[in-house]
Amino acid sequence: KGELRSLATAMESYYLDFKMYPAQHERDAGNNRNSRGLFWLTSPISYISSIPTDPFSEFSADSDNTTYITYELGGVEFGSVTVDPCSVCQVTWAMFSNGPDATQNIWQDNPHYNRGLPTWNYAPTNGTKSTGEIFRWGGDPLLIGAQADTMFQYSLFKKQGNVNYVGLNVDGTVYVKRLPPNS
């Protein structure tokens, strides 16, 4: 949790300088720069000296053990290349780890996508291998709980204003236009 808190602080510092958050971050090291957003926090300006490795990565690596796992980051992207300075940059974000159960139970990892299944925070009081992920939420809560079937474009929403709110279910509580509590 401490490492997620440090990354969240770096995200907010980045936001203060650029008025946007870095791009999503996928665990596959082969992805291009637009899918490695956490590394934007290390250079050219160092908001954090290095990106920490997820302490549970050894439990949730791909079967061929070729995946370098840090934390994952996903969320609502600006989306418009012609209007916004960074179409892949985040507006709302969720950073997470699979946790000690090594199972990706994340069905609503993007704070705007709903597949009808709840998201659960890991709770050590339920045992060391209990179901749930470790989350950190941030950014603009306006689109928390909004449903989208494809990549949601924040700039399009800001222009048109139409969205279907279905809610983001975290630990049995539904969130709409507000950030869930951090793990």
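The sequence shown runs 1 to 183 under this note's numbering. All C-beta atoms, glycine included, are put in the ideal place defined by N, C-alpha and C. A quick note: this is a predicted structure, and the numbers were derived from the prediction, not measured.
C-beta contact flag for residue i and residue j at 8 Å
i, j, result
"P22", "L4", "no"
"T92", "D140", "yes"
"L16", "I48", "no"
Nonlocal neighbours in the same chain, by C-beta distance under 8 Å from residue i, ignoring five residues either side
i, result
"S63", "Low confidence applies here, because S63 scores a pLDDT of 47, under 50, leaving its location unreliable and the question unanswered by this model."
"G2", "none"
"Y165", "G145, A146, Q147, V176 and K177"
"S50", "T42"
Own chain, CB closer than 6 Å to residue i, minus 5 neighbours either side, in chain order
i, result
"I134", "S97, G99, Y122 and S183"
"I45", "none"
"N169", "P118"
Straight-line gap, residue i to residue j (C-alpha atoms, nearest Å)
i, j, result
"E12", "K19", "9 Å"
"G167", "T9", "26 Å"
"F56", "T131", "13 Å"
"F39", "Q24", "10 Å"
"Y184", "P52", "The structure shown does not extend to residue 184, since the chain is modelled only from 1 through 183, so no value can be given for it."
"T125", "T173", "19 Å"
"E72", "A94", "8 Å"
"D54", "G74", "16 Å"
8 Å contact criterion, which residue i and residue j should meet: CB distance rounded
i, j, result
"W120", "L179", "Rounded, the Cβ-Cβ distance is 17 Å, inconsistent with contact."
Spatial neighbours of residue i in its chain, beta-carbon cut-off 7 Å, leaving aside the 5 residues before and after
i, result
"N65", "Any answer about N65 is weak, because its pLDDT of 49 lies below 50 and its placement is not dependable; what the coordinates show is given next. The answer is none, since no qualifying residue turns up."
"L142", "K177"
"P181", "none"
"R36", "H25"
Residue i Cβ short of 7 Å to the ligand HEM heavy atom set
i, result
"W40", "This structure lacks the ligand HEM; in fact it carries no ligand of any kind."
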